[in-house]
Structures are given as C-alpha cells and as structure tokens.
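>
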Amino acid sequence: MAYQTKQQQAVLRCLQLRAEECLSAADLSEELRHGGLTVGLATVYRQLDKLTQQGLVHKVTTEEGALYQYCPQAGHSHDCFLLRCEGCGRMIHLDCRHLEEVCRHLSSEHHFRIDPRRTVLTGLCDHCQEAKHEG
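Using our numbering, the first residue of the sequence shown is number 37, and each one after it goes up by one.
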C-alpha cells in the first residue's frame with residue numbers, strides 16, 4: 037500500500053467504519069469534523085481521488101452527485117460490479133462469473149467493453165423487496 041497522509045488515513049477509516057454505506061465528500065468532511073479532525077472539502081476530494089486510484093474506494097456517480105464507498109475487496113486482482121438498492125441506498129459488491137460472461141459477450145459480439153469499476157446495477161435488495169411487498 038502506498039504512503040498515506042493523516043487526512044487520507046482518516047478518510048479511509050471513516051469509510052471503513054461505514055462500509056455498507058455510500059457517503060458524499062461533504063458527509064465525510066462533516067463526519068471527520070465530528071471526530072475532531074478538521075479537513076477541508078477540497079482536501080477530502082483529493083484524498084478520495086487518491087484512494088479511488090489505489091482501488092481502496094469505489095466512486096459512484098448518482099443524480100445527487102458523487103458518492104464513495106470503501107471496497108472490502110481492496111487489492112483484489114479483478115474488478116467487481118456494484119449493486120445499488122434504490123430503496124435503502126445500500127451498495128453491494130458483486131463478484132459473479134455470470135456477469136463476467138456478459139462482459140465477454142458484449143466485448144466479442146458487440147465490440148463494447150464495460151468497465152466494472154464504473155458499472156452500477158440499480159434495483160431493490162431483498163429487504164426492500166419484502167418491505168415493498170408487505171406495504
């Protein structure tokens with residue numbers, strides 16, 4: 037792992053503690069401030085960019101803007117897809133050979149290459165499906 041500054045370590049630790057959630061840079065800045073560390077928003081963005089480049093954090097672009105989540109499979113040798121629940125906002129890391137087959141098919145038959153690190157499949161998780169069905 038590359039050298040990390042105090043701010044970068046703090047941003048990463050904050051994301052690790054809330055690994056099931058996606059957070060905005062503003063959320064992270066506020067969380068750090070509540071923890072006693074004042075880090076400017078521009079610095080948070082810089083640290084998030086570095087952590088994303090290192091493969092430690094996923095960046096997801098939504099209608100609300102960029103959101104970030106710790107990658108529990110940091111340093112893994114292949115890319116994973118992300119599933120985003122529209123109900124609760126939870127992000128699920130998915131490592132599925134069937135999706136890898138779809139990627140190969142799209143590449144060979146349709147000459148289109150998907151970047152799994154930037155691909156988010158949106159739907160409802162089991163919990164939100166049950167809640168919707170009950171309501």
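Where a beta carbon is used, it is the ideal one built from N, C-alpha and C, also for glycine. Only a predicted model underlies this, so the values are computations on that prediction, with no experimental measurement involved.
Is the distance from the Cβ of C44 to the Cβ of K86 below 8 Å?
Within the sequence shown, residue 44 is the residue found at index 8, counting from 1. Within the sequence shown, residue 86 is the residue found at index 50, counting from 1. First, the amino acid is wrong: residue 44 is Gln here, not Cys. Yes, they are a contact pair.
> Can you tell me whether V80 is buried or exposed? The criterion is at least 16 other CB atoms within 10 Å of its CB, across all chains shown.
By one-based count along the sequence shown, residue 80 stands at place 44. Buried, because 16 or more other Cβ atoms sit within 10 Å of the Cβ of V80.
> What three-state label does DSSP hand R54 in the structure shown?
The count along the sequence shown starts at 1 and reaches residue 54 at position 18. The answer is coil: DSSP assigns R54 none of H, G, I, E or B.
> Within the same chain, show all residues whose beta-carbon is closer than 6 Å to that of I128, passing over the 5 residues directly before and after it, in chain order.
Residue numbering aside, residue 128 sits at position 92 when the sequence shown is read from its first letter. Here the set comprises L119.
> Nearest to H83 by CA position, among H146, Q52 and A46, is which residue?
The residue you call residue 83 lines up with position 47 of the sequence shown. Here residue 83 turns out to be Gln, not His, going by the sequence shown. Closest by alpha carbon: A46.
> So who's on the other strand from T97, going by DSSP bridges?
Along the sequence shown, one-based indexing puts residue 97 at 61. DSSP lists A102 as partners of T97.
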